[in-house]
Amino acid sequence: MRIAVLRETAPGETRVALTPETAKKFIALGAQVAVESGAGTAASITDAAYAEAGAEVGPAQKVVQGADILLAVQPPEPAALAGASPGALVAAVFDPFGRRDRVDAYAAAGFEALAMEFMPRITRAQSMDVLSSQSNLSGYKAVIAAADLYGRAFPMMMTAAGTVQAARVFVMGVGVAGLQAIATARRLGAQVSATDVRSATKEQIQSLGAKPVFVEKVAGIEGEGAGGYATEMSPEYQKAQAELVSGHIAKQDIVITTALIPGRAAPRLITGAQIATMKPGSVIFDLAVAQGDGTGGNVEGSRADQVVEKHGVKIMGYANTPATLPADASALYARNLYNFLSAFWDKEQGKPVLDAEIGDAVRLTRGGQVVSERLKS
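If you're matching positions, the sequence shown starts at 151 in this note's numbering and goes up one per residue.
See below:
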């Protein structure tokens with residue numbers, strides 16, 4: 151069983167799907183591991199470190215030759231995998247809804263594409279969940295980046311020259327990224343509030359020492375929502391939430407938006423009119439900017455990898471937030487992949503044999519066909 155890892159080629163992608171730590175673990179399972187030279191450079195991993203772990207390091211064509219499994223963060227074009235074994239598994243973040251053409255190309259090439267972002271949110275798959283591990287880092291980085299852009303301190307400071315008031319931070323969307331954003335802002339000494347459409351998150355917000363801000367007169371989602379994700383809300387709820395947000399964000403210094411709906415454009419949470427009510431010098435970080443509709447992500451007018459200023463408010467967001475923390479993001483992502491494949495490793499066959507519950511959930515293509523039910527609906 152040969153496992154191959156190529157250098158990431160997508161613009162701005164600094165992560166790598168394998169670390170020396172996980173290379174050792176795969177080798178211990180009996181696999182051969184091959185890594186393209188320079189694959190880990192952006193994540194501060196040298197070729198020597200891979201070689202020391204027991205991996206073969208070399209040019210892409212040699213690495214791919216005879217590969218049975220290919221690990222990637224963002225999948226390479228199928229043509230780059232020429233020489234891999236027929237029907238080879240490719241585990242990566244495929245963006246199947248946004249890049250359906252790539253899914254079709256993988257089917258035509260005969261590869262078995264496994265979308266790691268389709269990992270079901272069940273107890274036994276928690277250690278395999280790449281969205282959770284990467285979102286944790288994204289929530290942290292959103293606050294750090296916003297704090298850097300903000301022209302004042304976060305914590306209250308009492309000095310002989312006077313008192314500096316604590317920054318007010320408002321987090322919109324309390325999933326994995328939102329919870330980490332709350333925790334990070336609290337650690338920095340900010341006064342934090344947060345909101346979500348799922349009622350179950352109230353206790354989670356309070357447990358982190360933040361103030362929950364919720365629409366009360368219109369029902370949201372009871373419990374956690376389907377698969378742990380929020381779904382699109384009714385027009386009545388959206389109107390009530392907009393009114394609530396308008397009154398609240400006018401008093402905030404920092405706003406972090408994190409709302410995403412799988413398979414759809416990011417919901418608009420903050421409009422230009424609402425931005426105009428905020429104080430000059432305030433900062434908004436749009437974590438969903440990359441999933442926007444062309445006019446912004448969660449925030450009207452946000453642009454990926456740019457600082458946009460409106461009404462004296464600075465709006466920012468990264469196209470690939472985890473990639474701004476390449477070493478840690480790579481370490482967590484690589485462990486997710488190892489946990490996934492090792493959980494199904496059949497010692498007698500010397501390869502992973504996926505079960506129906508998880509295998510069918512993440513599998514996009516097989517036998518030259520697109521087999522994912524989520525892409526057929």
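Backbone N, C-alpha and C fix where the C-beta goes; we use that ideal spot for every residue, glycine too.
Residue range of the beta strand (DSSP E) that residue i falls in?
i	result
Arg318	Arg318 to Met322
Ala344	Gln341 to Thr345
Lys460	Val458 to Lys460
Arg152	Arg152 to Val155
Ala263	Glu262 to Ala265
Ala184	Gln182 to Glu186
Thr313	Gly312 to Val314
Val463	Val463 to Met466
Just curious, the alpha helix (DSSP H) that residue i is in, first and last residue?
i	result
Gln330	Val326 to Arg337
Lys291	Val280 to Leu299
Ser492	Pro476 to Ala493
Gln391	Pro385 to Ile399
Thr351	Thr351 to Ser357
Thr172	Pro170 to Ala178
Glu523	Glu523 to Lys526
Val166	That residue, Val166, is in no alpha helix (DSSP H); it is neither H nor E in DSSP.
Arg271	Neither: Arg271 is in no alpha helix (DSSP H) and is coded neither H nor E.
Measure the alpha-carbon distance for residue i versus residue j and round it to whole angstroms.
i	j	result
Glu262	Phe320	42 Å
Leu329	Glu498	42 Å
Gly325	Ser492	27 Å
Ala255	Lys361	48 Å
Gly373	Arg348	Low per-residue confidence applies at Gly373: pLDDT is 44, beneath 50, and the placement is therefore not dependable, though the value from the model is reported in the following sentence. For Gly373 and Arg348, the distance between alpha carbons rounds to 6 Å.
Val214	Leu221	11 Å
Asp346	Gln211	48 Å
Ala440	Ala311	43 Å
Ile508	Leu239	15 Å
Ser432	Val463	5 Å
Val207	Glu366	58 Å
Asn448	Ala201	43 Å
Lys291	Thr471	7 Å
Lys251	Gly442	The sequence as given places Asp at residue 251; Lys does not occur at that position. Those two C-alpha atoms are separated by around 19 Å.
Leu410	Ala416	5 Å
Phe244	Phe364	34 Å
Arg336	Tyr300	16 Å
Ile219	Ala160	20 Å
Gly500	Ala181	8 Å
Pro209	Val512	29 Å
Determine whether the beta carbon atoms of residue i and residue j lie at a separation below 7 Å.
i	j	result
Gly289	Ala317	no
Ala173	Val223	no
Leu338	Phe304	yes
Asn486	Met278	yes
Ala259	Pro228	yes
Ala154	Ala184	yes
Leu482	Ser283	yes
His398	Ala426	no
Arg157	Gly216	no
Ala169	Ala479	Reading the sequence as shown, one finds Thr at residue 169 and not Ala. In this structure, Ala479 does not lie closer than 7 Å to Thr169 by Cβ.
Trp495	Leu264	no
Ala275	Met266	no
Val280	Thr334	no
Say yes only if the C-beta of residue i is nearer than 6 Å to one or more non-hydrogen atoms of the ligand COA, and no if none qualify.
i	result
Arg249	Absence of the ligand COA from the depicted structure is noted, as is the absence of any ligand whatsoever, leaving it without description.
If contacts are defined as beta-carbon pairs under 8 Å, then residue i and residue j qualify, I think. What distance do you get, rounded to the angstrom?
i	j	result
Ala438	Thr408	7 Å
Ile515	Ala257	With the sequence shown as reference, residue 515 is identified as Thr, and Ile is not the correct amino acid for it. With 8 Å as the limit, Thr515 and Ala257 qualify as a contact, their Cβ atoms being about 4 Å apart.
Gln424	Ser396	5 Å
Arg165	Pro476	5 Å
Ile420	Ile404	Actually they are not in contact, since the Cβ atoms of Ile420 and Ile404 sit about 13 Å apart, beyond 8 Å.
Leu525	Val253	7 Å
Ile355	Ala344	5 Å
Contiguous alpha helix (DSSP H) assignments of at least 4 residues, all confined to the stretch 195 to 243: Counting only runs of 4 or more, we get 197 to 203 and 210 to 214.
Report the start-end ranges of each alpha helix (DSSP H) in the stretch 407 to 445 that is 4 residues or longer and not cut off at the edges. Taking only runs of at least 4 residues, the alpha helix (DSSP H) segments lying wholly in the stretch 407 to 445 are 422 to 425.
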